[in-house]
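Numbering (our numbering), first residue to last: 168 to 307.
The beta carbon of each residue, even a glycine, is placed where N, CA and C say it ideally should be.
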Amino acid sequence: MDGSMFVDLHLSESVGATAVELRNPARVAVELRPGGEPIQLGAAIGTNIVITEPARRTVEYPIVVRGYSRTFEATVLARLSAEGSAIDEYFTTAADWTVTWGEFVFEVPTGPGGDLSLFVGEESAEDGELEGVTLELSAG
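In structure tokens, the structure reads:
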């Protein structure tokens, strides 16, 4: 297979996993075995956004934000806030949009220390409301 693909496995406990590429026809086989390291924190999941990084809620700058989305026109909005006030906004483009999940990554280069909120998602085209996920972070 050429290119890349994401497979989400939503599990209730840790497992060992092995993925194998098969051909004629092209397919991927995933074998799961009980065990593995305990899961500390999972991804932050919204309807059209999945945030896989930062996995820990205590962060240092630059903050790398990674995940995948299926937002309108592949536009991903991130808004950093402290004490309820927006500090900065960032935009990036995911690898795909609307009906297909596309990967994105961006960096928050600098900002204040302490307790922060990081919203990642999009503004609704219908009413301008924010749709996505919010991470509560502590920056050192």
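Can you name the residues that DSSP bridges to residue i?
{"i": "Leu285", "result": "Leu247 and Leu302"}
{"i": "Thr225", "result": "Ser305"}
{"i": "Glu220", "result": "Arg233"}
{"i": "Thr265", "result": "Answer by DSSP bridge pairing: none, since Thr265 is not bridged."}
Please identify the residue among the options whose C-alpha is closest to the C-alpha of residue i.
{"i": "Leu247", "options": "Pro279, Thr260 and Ile218", "result": "Pro279"}
{"i": "Ala262", "options": "Ala249, Gly251, Pro276 and Phe239", "result": "Phe239"}
{"i": "Phe273", "options": "Gly183, Val266 and Leu285", "result": "Leu285"}
{"i": "Asp282", "options": "Phe258, Arg224, Pro201 and Ala193", "result": "Arg224"}
{"i": "Val174", "options": "Arg190, Glu303, Val195 and Ala253", "result": "Val195"}
{"i": "Leu176", "options": "Ile230, Asn191, Thr219 and Pro192", "result": "Thr219"}
Just to confirm before moving on: does the CB-CB distance between residue i and residue j stay below 8 Å?
{"i": "Glu298", "j": "Val243", "result": "no"}
{"i": "Tyr235", "j": "Gly213", "result": "no"}
{"i": "Gly117", "j": "Ser181", "result": "What is shown of the chain runs 168 to 307, which leaves residue 117 out entirely."}
{"i": "Leu199", "j": "Ala184", "result": "yes"}
{"i": "Arg237", "j": "Val266", "result": "yes"}
{"i": "Val300", "j": "Val287", "result": "yes"}
{"i": "Ala241", "j": "Trp264", "result": "yes"}
{"i": "Glu318", "j": "Gly307", "result": "Residue coverage of the chain in this structure runs from 168 to 307, which leaves residue 318 outside it and unanswerable."}
{"i": "Tyr257", "j": "Ala249", "result": "no"}
Using three-state DSSP, classify residue i as helix, strand or coil.
{"i": "Ala211", "result": "strand"}
{"i": "Ala241", "result": "helix"}
{"i": "Asp255", "result": "strand"}
{"i": "Glu204", "result": "coil"}
How far does the beta strand (DSSP E) with residue i in it reach, from first residue to last?
{"i": "Arg194", "result": "Arg194 to Pro201"}
{"i": "Glu274", "result": "Gly269 to Val275"}
{"i": "Glu296", "result": "Unbroken run through Glu296: none, as it is neither H nor E."}
{"i": "Leu176", "result": "Note, Leu176: premise wrong, no beta strand (DSSP E); not H, not E."}
{"i": "Val182", "result": "Val182 to Leu189"}
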